[in-house]
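If you count the sequence shown from 1, you need to add 6 to reach the numbering used here.
For every residue, glycine included, the Cβ atom is placed at its ideal position computed from N, Cα and C.
Please read all numbers here as calculations on a predicted model, not as lab measurements.
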Amino acid sequence: MTLCYLYARNYYEVTREDKSGKGFVDYLFTPKKKGYPAIILELKYNKTAQEAIDQIKRKNYVDRVRNFKEILYVGINYSIDADNHKHHDCIIEKYK
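Structure below.
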């Protein structure tokens, strides 16, 4: 995640825990140039990626980047099961 964050700064203004809509979005990637989508990223722990996407929608995080032609919602969940195995799931959804 850290490497992606660092590389993304070449193409995006990256903000963390920024006020948007009815809450604070975990990561907001605002494109520096045309041709890149705005990205709203919500992280969860021991929940689901779908819950992260639902939070993006419910709290209207799109408000900060509504003026961009293409917007992606990204929900990522990290979890640990009873056997201490780490898992993650990710959902990427286009804003309509």
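Could you check which residue in the options has the C-alpha nearest to that of residue i?
i: Ala14; options: His94, Lys38, Gly81, Val31; result: Lys38
i: Lys100; options: His91, Asn90, Val80, Tyr42; result: Val80
i: Cys52; options: Ser85, Asp60, Pro43, Asp95; result: Note that residue 52 is Asn in the sequence shown, not Cys. When each option's Cα is compared against that of Asn52, the closest is Ser85.
Do you know how far the Cα of residue j is from the Cα of residue i?
i: Tyr17; j: Lys28; result: 27 Å
i: Pro45; j: Ile82; result: At residue 45 the sequence reads Ile, which differs from the Pro that was named. The straight-line gap from Cα to Cα measures roughly 13 Å.
i: Phe35; j: Tyr11; result: 9 Å
i: Lys63; j: Glu57; result: 10 Å
The ligand ATP heavy atoms versus the CB of residue i: any closer than 7 Å?
i: Tyr101; result: Within the structure as shown, the ligand ATP is missing, as the structure has no ligands at all.
How would you call residue i, buried or exposed, if buried means at least 16 neighbouring beta carbons within 10 angstroms?
i: Asp32; result: buried
i: Ala88; result: exposed
i: Ile98; result: exposed
i: Glu48; result: buried
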